[in-house]
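Position one of the sequence shown corresponds to residue -16 (our numbering), numbered consecutively onward.
For every residue, glycine included, the Cβ atom is placed at its ideal position computed from N, Cα and C.
All values reported here derive from a predicted model rather than from experimental measurement.
Comments concern the structure below.
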Amino acid sequence: MQVVDLIRTKRDGGRLGDDEIRWFIDSYTHAHIADEQASAMLMAILFRGLDAAELATWTSAMINSGERMDLSSVGRPTVDKHSTGGVGDKASLVLCPLVAACGAAVPQLSGRGLGHTGGTLDKLEAIPGWQALLTPVQMLRQLHDIGVVICAAGPGLAPADRKLYALRDVTGTVESIPLIASSIMSKKIAEGTESLVLDVTFGTGAFMKQLDQARELAETMVRIGTANGVRTTAVLSRMDTPLGRSAGNAIEVTESVETLSGGGPADLIDITLTLAREMLALAHIDMDPAPLLNDGRALSVWDAMIRAQSGDPAALLPVATQREVVRAERTGYITRLDAFGVGVAAWRLGAGRSRKEDPVSPIAGVVCLAKPGARIELGEPILELHVDDPGRLPAALQALQGAISIADEPVEALPLIADILRA
Ligand code: URA
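Dropping the structure here:
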C-alpha cells in the first residue's frame, strides 16, 4: 500500500477501506510512515471527516495498537469518567473516591494538562509525595483494595493515540470530532472499564464552544463505547465560567477536600452528584451518593487513595506568597466571568504548561472570590491571582482584560447540565 494513495482518497472525499485504515494506524505507530504524511492524512480527515464505519475501524485499530487491560480481578463493577476539559474542573478528585465509596471500582488513567485546562495528575501532584506512576500490578491491587486509582496511563495503552495526538497538537488538527472521539474512546476502551460516563463540556472554556458541536461529539463517543461493549453515557455541561472557586493545582485540591468534607461550592457538588448518579446507574448500584459527601465516607476513600500512592493526605499544601487582587470596576451584579480568560490567566501564572515536557507550579492559579450572580461594590475583590514568579503577573492580567462583566441587573443563570445522553 502507498500512503500517498490513501491521503489522496481522503483528500478527495473518498472512503478508506478497513484494511487501509488498519495498515495506516499500524504503520504510523511503528514509524513506517513519516510525520509529514500522517499530518496530511489528519488534515484531510479534519476537512472530510470519517463516516461511521471508517470511525469504528479507526478506533479499533487505535485500541489494538497496544494492550487492553483486564480488570476482571478487581471484584467490583468498574466505571470510569472522562471530561473533555474545563477551567477549574476538579470534579474527578471528588467524584472518583465518592463512587468508590458507593461500591464501584474507578480505574481512572489520566493524562497531563495541556493549554488552558488543568490536568488531574498535575493537581494531585501538588500533594507532597503523591505518585502518578504505578505498575499495572499496583493499579489492580489498589482498585481491588480501595476501589479507586487515578494514575498516569502507561506507554502500552493505545500507543497510536500517543503519537497521533502529539502530531495533531502541532499541526492544527485537534479540532476534528472523529479524531477527538477516537482518541478519547480508544484510551478508555483499552483501559478495560465496563462502563463510562463522559462529561462533554461546551462554552468559552471548553474545546467545543457550542452545544450542538458538543452534542455531536457526545453522540459519536456514546456510539463508539456502545459498539465496543462499554456501557456509555454522556452529560453535556456548560463551561462558560470556572467550575467552583479555584483554577490551579494545590488550590483545586484544597477545594476538592472541602467538598469531600461536606462543604464546597454548589456547582461543583451539582456536577459531581450528576456524574456520580450516572456512573452508579451504569454500574447497577442503587444508591444515593449525596450523603457520602457529608458523612466522611467519600473522604476516607480519598485519604486511602492518596496514601496508597505515597501521598500524605494530612500534609499542608504549598501556598502562594505573592497575591494580586482584581477588583470590581463598578457597583452592580457580576453577569459574566469568562472561563477562557481565567483559564489562560491560571496557565500564564504557571499552573499549566505549553509543551508536554514543561513543569507546572503547584501554587499558581486564580481564586474566584465572587462569581456570576453576585452583587458587588466598586473596588471589592473579584479574583485573587496566586503566583511564585511575579514576572508572570502582567501576562496573566492581560488575559483577564474584558473577562468580567458587571451590570445593574443580574442575568438569569443557565443550568450547568444541558442534557444527558444515555445509550
Ligand atoms: N483529549 C484527548 O485525549 N484527545 C483529543 O483528541 C482531545 C482531547
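- A residue is called buried when at least 16 other Cβ atoms come within 10 angstroms of its Cβ; Asp341 does not meet this threshold and is exposed.
- Per the C-alpha coordinates, the member of His127, Thr100, Arg151 and Gln305 positioned closest to Ala230 is Thr100.
- Taking C-alpha positions only, Val70 is separated from Thr103 by approximately 12 Å.
- In chain order, the residues positioned with their C-beta nearer than 5 Å to some heavy atom of ligand 1 are Ile163, Ser166 and Ile167.
- If you draw a straight line from the Cα of Pro296 to the Cα of Ala233, it comes to about 12 Å.
- Taken through DSSP and simplified to helix, strand or coil, Gln91 comes out as strand.
- In the displayed model, Met52 falls within coil according to three-state DSSP, outside both helix and strand.
- Here Ala109 is near Leu300, since their CB atoms are less than 7 Å apart.
- Along the stretch 204 to 280, the alpha helix (DSSP H) occurs as fully enclosed runs of 4 or more residues at 233 to 243, 249 to 265 and 273 to 277, listed in sequence order.
- For Gly315, the enclosing beta strand (DSSP E) covers residues Gly315 to Leu320.
- Your pair Arg331 and Pro364 does not check out as a contact, with CB atoms roughly 20 Å apart and the cut at 8 Å.
- Under DSSP, Pro364 shares a beta bridge with Arg310.
- Just so you know, the alpha carbons of Ile167 and Gly362 end up roughly 44 Å apart.
- Within the stretch 125 to 161, the complete alpha helix (DSSP H) runs of at least 4 residues fall at 142 to 152.
- Beta-bridge pairing by DSSP links Ile403 to Val218.
- Our two residues, Lys(-7) and Leu25, have alpha carbons roughly 9 Å apart in a direct line.
- Judged by their CB atoms, Lys73 and Ser283 are not nearer to each other than the 7 Å cut-off.
- For Thr184, the uninterrupted beta strand (DSSP E) segment begins and ends at Ser178 to Phe185.
- Secondary structure of Met122 (DSSP, three-state): helix.
- For Ser344, there is no enclosing alpha helix (DSSP H), as DSSP marks it with neither H nor E.
- Taking a 10 Å sphere around the C-beta of His15, we find fewer than 16 other C-beta atoms and assign the residue as exposed.
- By the criterion of a C-beta distance shorter than 7 Å, Asp18 is surrounded in its chain by Leu150, once the five residues flanking it on both sides are discounted.
- Under the 8 Å Cβ criterion, the stretch 38 to 53 does not count as touching the stretch 239 to 249, having fewer than three qualifying pairs.
- For His267, same chain residues with a beta-carbon under 7 Å away, outside a window of 5 residues either side, are Pro60 in chain order.
- Contact between Leu162 and Ile28 holds: their C-beta atoms lie close to 6 Å from each other, under 8 Å.
- For the set Glu307, Gln384 and Leu320, the Cα lying nearest the Cα of Ala347 is the one of Glu307.
- For Ile389, the uninterrupted beta strand (DSSP E) run begins and ends at Ile387 to Ala390, by DSSP.
- According to the DSSP secondary-structure assignment, Gly348 is paired through a beta bridge with Gly231 and His369.
- Under DSSP, His65 takes part in a beta bridge, and its partners are Leu181.
- Buried is the label assigned to Lys64, since at least 16 other Cβ atoms lie within 10 Å of its Cβ.
- Here Ile110 carries a coil assignment [DSSP, helix/strand/coil].
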